[in-house]
Amino acid sequence: MHLAYRETAILFGIGVTLHNLEEALNGPRWMREHRMPLFEPNGAIYWALTSLVSAVIWVAVLGVWLEPWNSEFQNVLTGFALAMALNAVFPHLAMSLARRSYVPGTASGVLLNLPLGIALMGDRMASTPSDFLAWRSAIGVALLLGAGSMGALYGAHAFLAWRRSRPADGG
Numbered sequence: 346m347h348l349a350y351r352e353t354a355i356l357f358g359i360g361v362t363l364h365n366l367e368e369a370l371n372g373p374r375w376m377r378e379h380r381m382p383l384f385e386p387n388g389a390i391y392w393a394l395t396s397l398v399s400a401v402i403w404v405a406v407l408g409v410w411l412e413p414w415n416s417e418f419q420n421v422l423t424g425f426a427l428a429m430a431l432n433a434v435f436p437h438l439a440m441s442l443a444r445r446s447y448v449p450g451t452a453s454g455v456l457l458n459l460p461l462g463i464a465l466m467g468d469r470m471a472s473t474p475s476d477f478l479a480w481r482s483a484i485g486v487a488l489l490l491g492a493g494s495m496g497a498l499y500g501a502h503a504f505l506a507w508r509r510s511r512p513a514d515g516g
């Protein structure tokens with residue numbers, strides 16, 4: 346891949362990291378204030394999950410930077426780009442409009458992740474327009490990232506709720 350693609354990948358990694366930081370700092374408070382019914386938000390879980398996603402994106406970004414010929418890194422980065430572009434619109438922008446309240450992560454998602462993600466996907470399409478395997482792999486990464494993030498978020502909160510509901514051990 347060309348230098349502009351690799352530079353866009355670096356900017357995308359920065360955008361995802363800023364987006365995750367915004368969510369970790371403000372997400373739990375916003376959820377409490379807007380009475381999101383699924384669970385009592387825990388800031389430590391948000392920090393852990395957003396830090397993990399940021400670390401994983403940087404593996405793909407650095408992989409594309411150091412080994413631009415490596416299609417596996419390109420597929421993972423394209424999957425991230427797809428997941429984060431969709432994430433900017435659903436749930437962030439859609440929920441901000443529906444609730445008439447700024448949802449943490451909307452600005453960074455719409456202003457950074459959406460355009461940079463589209464640019465990365467556009468470059469990937471231009472370089473491998475008919476490579477079905479590459480796109481199937483990228484879509485798989487996007488689905489795994491989305492399902493894994495949501496599963497980890499809700500699963501960790503469910504586990505904490507379960508732990509709190511157990512009677513204290515005697516002893």
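Every position in the sequence shown, counted from 1, becomes a number in this note's numbering once 345 is added. From the three backbone atoms N, C-alpha and C, an ideal C-beta is built for every residue, glycine too. Just so you know, these numbers come straight off a predicted model, no measurement behind them.
Taking Arg469 as the centre and dropping the five residues before and after it, the same chain places the C-beta of Gln419 and Thr423 closer than 7 angstroms to its C-beta, in chain order.
DSSP, reduced to helix, strand and coil, places Glu378 within a helical segment of the structure shown.
DSSP places Glu367 within a helical segment (H, G or I) once states are collapsed to three. Assigned with DSSP and collapsed to three states, His347 falls in coil, not helix or strand.
In the three-state scheme derived from DSSP, where H, G and I count as helix and E and B as strand, Ala513 is classed as coil. Taking 8 angstroms as the upper bound for CB-CB distance, Arg351 and Val409 are in contact here, some 6 angstroms apart. The C-alpha of Leu363 lies about 15 angstroms from the C-alpha of His437. Here the alpha carbons of Ala389 and Leu490 stand approximately 20 angstroms from one another. Spatial neighbours of Ala503 in its own chain (CB-CB distance under 8 angstroms, excluding positions within 5 residues in sequence) are listed in chain order as Phe384. Taking C-alpha positions only, Ser396 is separated from Glu368 by approximately 11 angstroms. By the neighbour-count criterion, in which a residue is buried when 16 or more other Cβ atoms sit within 10 angstroms of its Cβ, Asn415 is exposed.
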